[in-house]
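To start, the structure under review is shown below, and the notes come after it.
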Amino acid sequence: MVTPGVESYIRQKFAEHAGLTEEQIFVDDVTLAVVISRSPRMTNSIDLMEAFARTANALRKDHGVRVRLPALPLDTPTSTVLKVFIEEFERQKKETAA
Amino acid sequence: MSIAEAETALNRAAQRAAAPAGPPAIITDLYDAVTRRGMSLVDVTWEQQRLHESRRWSVVEMLADVDLDALTPIDRNLVWNAGRAELTTKPGADRLERQAEAECRRWQEKNPAVAAIMEACGTWSRYWNEEEAHHETVFNRLADLSGMEPISDETFIAFRQVFPDDDMLRTLMLLAISEITAAVNYGQCQHVVKDPGLRRIFKQVAADEIQHRNYFIAFAKALVDSGEYHAKDAFAVAHLFLREDGELQGSAREQKEDRGTHVNWWDHLDTAETDYRPEALEKKEQLICGALKKITGIEVNSREEVEDTWMDLIGS
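One line per chain: the protein sequences are A and B, in this order. Sequential numbering from 41 applies to the first sequence in this note's numbering. Sequential numbering from 14 applies to the second sequence in this note's numbering.
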């Protein structure tokens, strides 16, 4: 079961760090390469990595769970990224609770 | 001599004293040198020139000492890969020169010390470019002479694509890691090859790459010391390489990015039938952590600590 509110929290925080709206990132299920090209704050994959890390730090602060994301290729669609993020969150949450 | 002339002479003498005496060396505390010690760009360039001259060697002479008939299939494969990899250093150096020049102009009014560091870096790029020309030609000529698959003009041009610009600290950190990777690889090659002449070439090139790494570390440290560049960016690049399935895995990764804009040499190593890959990942990890310590003053000892520190530095 997915913790209520976490998905929308991740979407909101990632969009905030990318300098884009949630619609620009998630509506058409664009790839990470497209996110970089659309974002006014990103030049390359290091900026993308940083936006994910800031989102993970926010999750840690507000939900107490530390998420480590794997390296994701730039042709990964944002729906997959979101799925990986949530799965990692739930896995870490379980481990923290155990 | 008038009082004004005497003062000018004294000032010149004081400036000369700012330049270090003794054997040529990289100025490892460049920010301090250009601010507190008052080193001019002429002084800095003199040091670069002295060091460059002291380290010269001849490709023609080195090649003459290689016994081509004694080279094994592994030797030839290592040489062939090294030659292809070295093709990408010219666009790297060209990019550095252009970017440093632009950054110098950008900082000139706002922070002249940073502008001087950028100019010192752009000036040094000419020595770097020239030294890398030795590496490229020594390996490619040797691959050619030993009958390896020729590098087509198409590949040559593809490997020459100029890298896109990025934040200067990130660029310098990436270049430092690239030099670390190359130096460790060539160090590994030294232990594998049998021919003494070829071993000497790998040793010489590895030593050059270490010297280049030291320059990149010195420029990066100067930017962090200036307070205008944040340590997090050096850590970000280190994490990009060290993370699971990161850039350090190079061509061994299952999925590599199709970059479209440029070629990263570590994506294109080909072991062919020899099945030998000069990895030494732990050594590279250790040297990257060492570079971070020198640049930022922050000590880390593993890739996990690099990630943790980077995440702490960026905040939320």
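Backbone N, C-alpha and C define an ideal beta-carbon position, used for all residues, glycine too. Only a predicted model underlies this, so the values are computations on that prediction, with no experimental measurement involved.
Inter-residue CB distance, residue i and residue j (contact presumed, cutoff 8 Å)
i, j, result
"T102 (chain B)", "E145 (chain B)", "4 Å"
"A111 (chain A)", "D258 (chain B)", "4 Å"
"L122 (chain A)", "R51 (chain A)", "7 Å"
"E128 (chain A)", "R100 (chain A)", "Wrong, their Cβ atoms sit about 12 Å apart, outside the cutoff."
"A293 (chain B)", "V197 (chain B)", "5 Å"
"V319 (chain B)", "A251 (chain B)", "5 Å"
"D238 (chain B)", "Y44 (chain B)", "4 Å"
Chain B residues whose Cβ lies nearer than 8 Å to that of residue i
i, result
"A58 (chain A)", "Correct list: empty, because the minimum Cβ distance to chain B is about 14 Å."
"R94 (chain A)", "I327, G328, S329"
"M89 (chain A)", "A249, H252, L253"
"A98 (chain A)", "S329"
"K101 (chain A)", "S329"
With 16 other Cβ atoms within 10 Å as the buried cut-off, status of residue i
i, result
"L155 (chain B)", "buried"
"L158 (chain B)", "exposed"
"R118 (chain B)", "exposed"
"I65 (chain A)", "buried"
"S138 (chain B)", "buried"
"V42 (chain A)", "exposed"
"K2 (chain B)", "Nothing about residue 2 (chain B) can be reported from this structure: the residues present for chain B run from 14 to 329 only."
"N153 (chain B)", "buried"
"G135 (chain B)", "buried"
"E260 (chain B)", "buried"
"N97 (chain A)", "buried"
Residue i: first and last residue of the uninterrupted alpha helix (DSSP H) it sits in
i, result
"P86 (chain B)", "86-99"
"S165 (chain B)", "Taken as a continuous stretch (DSSP letters only), S165 (chain B) belongs to no alpha helix (DSSP H), as it is neither H nor E."
"P209 (chain B)", "209-238"
"H65 (chain B)", "54-67"
"G303 (chain B)", "294-309"
"W137 (chain B)", "125-158"
"A137 (chain A)", "118-137"
"A106 (chain B)", "102-120"
"I193 (chain B)", "181-205"
Partners in chain B for residue i, counting only beta-carbon separations shorter than 9 Å
i, result
"P44 (chain A)", "Chain B residues near P44 (chain A): none, gap ~21 Å exceeds 9 Å."
Cutoff 8 Å: residue i Cβ touching any chain C Cβ
i, result
"I65 (chain A)", "The structure shown contains no chain C; its protein chains are A and B."
Partners in chain B for residue i, counting only beta-carbon separations shorter than 7 Å
i, result
"T83 (chain A)", "D179"
Residues that residue i contacts on chain A, provided the C-beta gap is smaller than 8 Å
i, result
"E257 (chain B)", "P110, A111"
"M324 (chain B)", "A93, A96, N97"
Residues that residue i contacts on chain A, provided the C-beta gap is smaller than 7 Å
i, result
"R183 (chain B)", "I86"
Worksheet entry | Three CB pairs or more closer than 8 Å across the region 207-222 of chain B and the region 233-246 of chain B | In this structure the region 207-222 of chain B does not lie against the region 233-246 of chain B, because fewer than three pairs of beta carbons, one per stretch, are closer than 8 Å.
Worksheet item: Between the region 82-98 of chain B and the region 191-202 of chain B, do three or more beta carbon pairs fall short of 8 Å?
Response: By the C-beta criterion, the region 82-98 of chain B is judged to be in contact with the region 191-202 of chain B, since at least 3 inter-stretch pairs fall below 8 Å.
Worksheet item: Is there contact here, the region 105-119 of chain B with the region 71-85 of chain B, by at least three beta-carbon pairs under 8 Å?
Response: The region 105-119 of chain B vs the region 71-85 of chain B: no contact.
Item to complete: Inspect the CB distances between the region 111-129 of chain B and the region 59-77 of chain B and report whether three or more fall short of 8 Å.
Response: Short answer: they don't touch.
Worksheet item: Okay, do the region 223-238 of chain B and the region 182-194 of chain B touch, 3+ Cβ pairs below 8 Å being the bar?
Response: Short answer: they touch.
Practice prompt. For the region 171-179 of chain B and the region 73-91 of chain A, state whether three or more C-beta atom pairs, one from each stretch, are separated by less than 8 Å.
Written response: In short, these stretches touch, since the Cβ pair count reaches three.
Practice prompt. Evaluate contact between the region 44-51 of chain B and the region 126-142 of chain B, counting only Cβ atoms and requiring at least three cross-stretch pairs below 8 Å.
Written response: Because the criterion of three Cβ pairs below 8 Å is met, the region 44-51 of chain B and the region 126-142 of chain B touch.
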